Amino acid sequence: MINEEYKKMLGAKSVIRELSEYATKRGTEIGYDNVYDFSLGNPSVPCPDGYTEAVIDIHKNLNPMDIHGYSPSTTLPDVREAVANSLNRRFGMNYDMKHIFMTSGAAGALAHALRAVTKPGDKVLSFAPFFPEYRPYVSGCGDELVLVPADTANFQINLEAFEEMLDEKVMAVLINTPNNPSGVVYSEGTIKAMTDIMRRAQEKYGHDIFLISDEPYREIMFDGQTFTYPSKFYDNTLSCYSFSKSLSLPGERIGYVAVNPKATDADLLVPIMAQISRGIGHNCPSSSVQMAVARVLEDTSDLSVYETNMNLIYEELVNLGFNVVRPDGTFYIFPQALEEDAVAFCQKAKKYDLILVPSDSFGVKGYFRMAYCIDTDKVRRSLDALRRFVQTEYGI
């Protein structure tokens, strides 16, 4: 008999993926250039030349056995050391190679981090709005995902609700900053207040509560802001990262977990993650991709297009009367819909070939997400469709 749990998942496909597939199909009918597809967060700028040059050089000049052989179960030492050194320079940390574990993107990082610090039956707290894939990530570990309600005024953390919900069964808190879907970056004040609550809870319950910080968008920051690195404020932090957005490499599936050196059993957590890999079939990301990103750790693609796109969309939404929190980063914006039923709102938008994602799966009712990682010219052309949609359907 096949696994019934996964069979059920077939009937609960990602709304984002379904809308993306619809947009692709619609594009075959009218030309994809005429479909304003804001569904999928797929980077729209090329990777840096330095990454491509690194890949070519590695394959042309290094020993093929080093490139294509099995890497250590804890992943490549030179790459881990390079990542540790980069994080130390950028964020004033004290990582060593032994605190870094390379993974298949941020999803792989979260899979290892969650299993390393929780056991089946534990609770994991996260904050709405949240990335919907956290549900299968957490349930796949046998844990229970519990969502703290959103503070829709500014999409910072609802600290009062968080403190009430942080009970004895919570073993990990999962945050995403800059945030998908809101585009908001948790402020230093928010991070400090959250971690103060967590320290008090650790003392009260007599056990560790780990902070798992999902950070794939930390290089996409607007208005010259700098990223507040959560691990600076809380010892028991596991930072999970992906190069998918910074280097526009989502298909290469490369990221890492960085274990705060002050965390409980910090020196054991990477070896533990290597053992976790044995159980989930992870067994290290591509060696050549590990080597290549190690050469361009502090490079990025030209990410400025996302801020340009955000400003265009944000200004138009405000002009049309939408209630919307201005993003601090990422390539997402999360306005309030013009009716309570966000699904109905997004269905109406499809008549104008605007592909918007309703907020229900993000843990908030009555909003919608736009992923504006598309060509700026297409963003500009979409604004006329947005105006026609709002004027025709809502008389605004």
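Taking numbering that gives the first Met the number 0, the leading residue of the sequence shown gets 0, the next gets one more, and so forth. All residues carry an ideal CB built from backbone N, CA and C; glycine is no exception. Model, not experiment: these values are computed from the prediction.
Starting from the Cα of residue i, find the closest Cα among the options and give me that residue.
i      : options                           : result
Tyr133 : Ala105, Pro119, Gln155 and Lys118 : Ala105
Tyr136 : Val147, Val123 and Pro128         : Val123
Pro272 : Ala108, Ser13 and Asn41           : Going by the sequence as given, residue 272 is Met instead of Pro. Nearest C-alpha to Met272: Ala108.
Asp266 : Thr73, Met64 and Gly280           : Thr73
Ile15  : Arg368, Tyr393, His67 and Glu392  : Arg368
Leu385 : Val317, Asp327 and Asp374         : Val317
Leu311 : Leu237, Val269, Ala343 and Asp374 : Asp374
Lys118 : Ala171, Asn157, Asp166 and Ala149 : Ala171
Glu251 : Pro260, Ala291 and Ile208         : Ala291
Ser70  : Ala152, Phe226 and Met101         : Met101
Asp150 : Val378, Val324 and Gly328         : Val324
Val256 : Leu210, Phe232, Tyr5 and Ala348   : Leu210
Leu337 : Phe388, Ser303, Asn235 and Pro326 : Phe388
Val169 : Tyr204, Lys191, Ile190 and Ala160 : Tyr204
Leu18  : Leu355, Val378 and Val258         : Leu355
Glu167 : Arg199, Ile1, Ala152 and Arg379   : Arg199
Glu297 : Glu52, Ser38, His67 and Ala81     : Ala81
Arg25  : Lys349, Lys59 and Gly394          : Lys349
Phe126 : Ala110, Glu162 and Ser103         : Glu162
Arg294 : Gly49, Thr23 and Ile29            : Gly49
Tyr313 : Ser138, Arg379 and Thr263         : Arg379
Ile29  : Asp376, Asp383 and Tyr351         : Tyr351
Ile253 : Asp264, Asp121 and Tyr240         : Tyr240
Val258 : Asp95, Glu315, Asn62 and Asp376   : Asp95
Ser138 : Pro270, Tyr5 and Arg89            : Tyr5
Taking 8 Å as the cut-off, decide whether the C-beta atoms of residue i and residue j are in contact.
i      : j      : result
Gly362 : Gln335 : no
Tyr35  : Ser381 : yes
Cys283 : Phe330 : no
Pro249 : Asn41  : yes
Thr225 : Glu187 : no
Ala112 : Ile99  : no
Gly182 : Ile332 : yes
Met197 : Leu158 : no
Glu306 : Phe242 : no
Ile1   : Arg114 : no
Val396 : Gln289 : Limits of the chain in this structure are 0 at one end and 395 at the other, which puts residue 396 out of reach.
Ser286 : Leu75  : yes
So, at 7 Å on beta carbons, what are the nonlocal neighbours of residue i in its own chain, with the 5 sequence-adjacent residues on each side left out?
i      : result
Phe130 : Asn175 and Asn179
Asn93  : Asn87 and Pro260
Gln201 : Asp207 and Ile208
Lys191 : Phe232
Met309 : Phe221, Pro326, Ile332 and Tyr371
Ser38  : Ile15, Leu18, Ser19, Ala22, Ile354, Val356 and Ala370
To which residues does DSSP link residue i through a beta bridge?
i      : result
Val123 : Leu144 and Ala171
Val101 : In the sequence under discussion, the amino acid at residue 101 is Met, which differs from the Val named in the question. Answer is Tyr255.
Gln335 : Tyr366
Tyr136 : Partner(s): none; Tyr136 has no beta bridge.
Val356 : Arg368
Tyr399 : Summary: the structure shown does not reach residue 399, with the chain confined to residues 0 through 395, and so no result is reported for it.
Thr117 : Per DSSP, none; premise fails for Thr117.
Phe209 : Ala171
What do you get for residue i, buried or exposed, if any count of 16 or more other CB atoms within 10 angstroms of its CB means buried?
i      : result
Tyr185 : buried
Asp65  : exposed
Thr27  : exposed
Asp475 : No answer is possible for residue 475: the residues shown for the chain start at 0 and end at 395.
Gln346 : exposed
Gly328 : buried
Gln390 : exposed
Asp213 : buried
Asp142 : buried
Lys7   : exposed
Gly10  : exposed
Pro229 : buried
Ile279 : exposed
Ser303 : exposed
Lys97  : buried
Asn62  : exposed
Just to confirm my understanding: we take residue i, look at its own chain, exclude 5 residues before and 5 after, and list those with CB closer than 8 Å. What are they?
i      : result
Ser300 : Pro42, Val44, Pro45, Cys46, Pro47, Ser245, Leu246 and Ser247
Ala341 : Pro357, Ser358, Asp359, Lys364, Gly365, Tyr366 and Phe367
Phe344 : Ala336, Leu337, Glu338, Leu355, Pro357 and Phe367
Ile395 : Leu319, Gly320, Leu337 and Val389
His281 : Thr102, Ser103, Gly107, Ala110, His111 and Ile275
Val147 : Leu124, Ser125, Phe126, Ala127, Ile156, Asn157, Ala160, Phe161 and Met164
Does the CB of residue i have a neighbour CB from chain C at under 8 Å?
i      : result
Val123 : The structure shown contains no chain C, having only a single protein chain.
Within a Cβ cutoff of 6 Å, which residues of the same chain sit near residue i, ignoring the five residues on either side of it in sequence?
i      : result
Glu218 : Ser245 and Thr299
Asn322 : Gln335
Thr189 : Gln155 and Ile156
Val116 : Ala171 and Phe209
Tyr393 : Leu337
Val145 : Lys122 and Leu124
Glu315 : Leu382
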